[in-house]
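Numbering (numbering that gives the first Met the number 0), first residue to last: 0 to 427. Yeah, the Cβ is synthetic: ideal placement off N, Cα and C, and Gly gets one too. Here the structure comes first, spelled out in structure tokens, and everything after it is commentary.
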Amino acid sequence: MNINNLKDKIGQTVTLGAWIANKRSSGKIAFFQLRYGAGFVQAVALKETLGEEKYQELRHLTQETSIKVTGVVKENERELTGVELEISEFEVISIATDYPITPKEHGVEFLADNRHLWIRSKKQHAILTIRNQIIKSTYDFYEKEGFLKLDPPILTSSAPEGTTELFHTQYFDEEAYLSQSGQLYMEACAMSFGKVYSFGPTFRAEKSKTRRHLIEFWMIEPEMAFCNHAESLEVQERYVNYLINDVLAKNETELKILDRDIEALKAATGEFPRIKYKDAISLLKENGFDDIEYGDDFGSPHETFIANSYNKPVFITHWPKNIKPFYMKEDPEEKGTVLCADLIAPEGYGEIIGGSQREDNYDILLNNIKEHSLNIEAYQWYLDLRKYGSVEHSGFGLGLERTVAWITGNGHVRETIPFPRLLNRLTP
Ligand code: 4AD
Ligand code: MG
């Protein structure tokens with residue numbers, strides 16, 4: 000019943016459990032778009048084969064009615080899937096009445112209110128299928144590179160990425176936060192297992208209503224002991240290349256459904272340029288951006304401009320120390336900057352990775368914690384990592400939804416996760 004690829008079944012008779020996504024018919028022949036779980040397929044019904052009564056019953060079934068259909072899989076090169084199903088028998092499971100999402104255009108708010116149904120549509124199905132591939136490719140990549148996957152806690156007492164965007168919650172008598180990043184825990188894991196990564200949900204109470212911000216998003220966070228910043232950039236480059244190549248190889252149908260510019264994706268592979276923050280600022284200033292000074296963070300117009308100057312993801316390195324988190328290591332060669340990089344995706348999809356070499360000196364780290372007015376008690380265990388066999392180490396975090404948005408060519412992160420959590424949206 001569960002068939003993953005109908006192309007493997009050409010010439011065979013199959014039975015599918017499916018829903019009617021769309022249909023058109025005449026007196027003699029009816030065409031259906033069926034969603035059968037793994038994908039969509041065109042099914043053809045002929046009056047001649049089914050007989051008048053059955054044919055009329057089938058052709059009048061409503062959108063999203065569930066059925067079981069039996070038929071022969073035939074080659075059809077005009078279909079994206081390369082096949083179609085010629086229906087010989089069917090059984091109606093449940094009739095759907097007045098399905099709210101019709102083939103006509105709907106407003107985004109309406110679709111978002113109906114997200115539990117919207118995920119059935121062809122485009123959403125394709126995006127979420129690619130999300131699944133990116134997750135699978137992530138596991139494959141880190142397995143091949145010899146990393147161990149470990150899971151940091153979601154309920155935490157520390158705040159790696161600044162204290163303003165925390166979700167507060169009660170942990171019995173104590174105050175707790177939902178995790179913004181598993182990084183600090185992954186640093187502890189790296190001191191035991193060498194190369195580790197986490198992959199889990201993270202939470203940011205960001206009051207940003209942009210196409211790149213979710214309140215709840217998933218992050219992949221590798222952490223590597225005995226690894227400097229330059230070596231970490233190489234891992235990032237290999238990882239992102241691996242993701243693109245895997246999606247290009249395995250999601251041809253979905254990329255076509257999404258009308259993704261394949262050439263742009265292919266062009267984004269290979270070596271990624273590395274530019275310094277200060278040079279990025281100069282580039283912006285030379286091009287008429289008067290709203291940015293050395294020491295400012297980039298807004299999305301800045302990121303988009305820099306990205307458009309290249310056709311590949313770009314690493315922006317050497318950020319000023321005072322606008323980055325407390326755990327980043329200062330560059331001994333360029334004081335006042337830290338050994339970190341943001342990876343900006345091409346085509347205006349924004350920052351997909353933030354990473355750095357971590358401060359490994361106990362005294363400097365303690366001082367950074369004090370300077371950032373963080374609660375030293377809560378970071379005592381983290382400081383321990385610098386007391387017992389401290390080593391050079393680096394890591395990074397890749398935001399899954401932004402990466403899916405870029406690879407699928409979808410402008411808004413709300414369509415890259417089944418049930419997005421956005422500012423002012425907790426339902427469905
Ligand atoms: O740059 P960020 O904040 O870095 C960290 O959290 C580090 N602790 C990671 C590490 O070194 N282990 O976040 C990393 C990535 C961003 O580049 C972006 O892709 C994604 O997480 N991200 C978001 N994605 C969707 N919505 C948001 N609100 C996001 N905030 C960050
Ligand atoms: Mg960042």
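Proximal residues to residue i (C-beta, below 7 Å), its chain only, five neighbours per side dropped
i, result
"Leu57", "Ala29, Ala44, Leu49, Phe89"
"Glu85", "Val43, Gly70, Val71, Lys73"
"Gln132", "Asp245, Val246, Lys249, Asn250"
"Glu215", "Pro200, Phe202, Arg420"
"Ile256", "Leu79, Lys121, Lys122, Ala125"
"Gln183", "The sequence given here has Leu at residue 183, not Gln. Answer for Leu183: Ser157, Pro159, Tyr381, listed in chain order."
Check: residue i C-beta below 7 Å from any heavy atom of ligand 1
i, result
"Pro159", "yes"
"Leu213", "yes"
"Phe325", "no"
"Met190", "no"
"Gln182", "yes"
"Phe39", "no"
"Ser231", "no"
"Ser355", "yes"
"Val412", "yes"
"Met218", "yes"
"Arg237", "no"
"Leu177", "no"
"Arg401", "yes"
"Ile397", "According to the sequence shown, residue 397 is Leu rather than Ile. The answer is yes for Leu397."
"Arg210", "no"
"Gly394", "yes"
"Arg114", "no"
"Arg203", "yes"
Classification of residue i by the beta-carbon crowding that lies within 10 angstroms, buried from 16 upward
i, result
"Leu79", "buried"
"Ala17", "buried"
"Gly145", "exposed"
"Phe171", "exposed"
"Pro272", "exposed"
"Met0", "With a pLDDT of 47 at Met0, under the threshold of 50, the modelled position of that residue is not reliable, and the figure given next carries that caveat. When all chains shown are included, Met0 counts as exposed."
"Leu422", "exposed"
"Glu262", "exposed"
"Tyr387", "exposed"
"His212", "buried"
"Asn286", "exposed"
"Gly430", "One cannot answer for residue 430 here, as it falls past the ends of the chain, which runs 0 to 427."
"Gly181", "buried"
"Glu233", "exposed"
"Lys22", "buried"
"Glu236", "buried"
"Glu376", "exposed"
"Ser207", "exposed"
"Thr407", "buried"
Check whether residue i and residue j have beta carbons under 8 Å apart
i, j, result
"Phe192", "Leu127", "no"
"Phe441", "Ile352", "With the chain running from 0 to 427 in the structure shown, residue 441 is simply not present."
"His301", "Ile291", "yes"
"Lys328", "Glu370", "no"
"Gly81", "Lys6", "yes"
"Leu382", "Leu399", "no"
"Ser393", "Ser355", "yes"
"Thr201", "Met218", "yes"
"Ile203", "Glu164", "For the sequence presented, residue 203 should be read as Arg rather than Ile. Their beta carbons are under 8 Å apart, which means Arg203 touches Glu164 by this criterion."
"Ala404", "Ile343", "no"
"Ala187", "Leu384", "yes"
"Tyr196", "Pro159", "no"
"Pro102", "Asn113", "no"
"Gln11", "Ala20", "no"
"Tyr276", "His228", "no"
Proximal residues to residue i (C-beta, below 8 Å), its chain only, five neighbours per side dropped
i, result
"Lys67", "Thr14, Leu15, Gly16, Ala17, Phe89, Glu90, Ile92"
"Val390", "Met190, Ala224, Phe225, Asp359"
"Gln123", "Trp117, Glu414"
"Glu230", "Met223, Ser393"
Cut-off 6 Å between Cβ atoms - residues of its own chain near residue i, not counting five sequence neighbours on either side
i, result
"Thr303", "Gly347"
"Ala95", "Thr61, Glu63, Thr64"
"Thr155", "Tyr176, Ser178"
"His411", "Arg210"
"Asn367", "Phe325"
"Asn310", "Ala266, Pro345"
Minimum Cβ-Cβ distance from residue i to chain C less than 8 Å
i, result
"Glu414", "The displayed structure is made up of one protein chain only, and chain C is not part of it."
Subject >> Test item, CB below 7 Å from any non-hydrogen atom of ligand 2 >> reply: Per the Cβ criterion, the list is Asp341, Glu350, Gly353.
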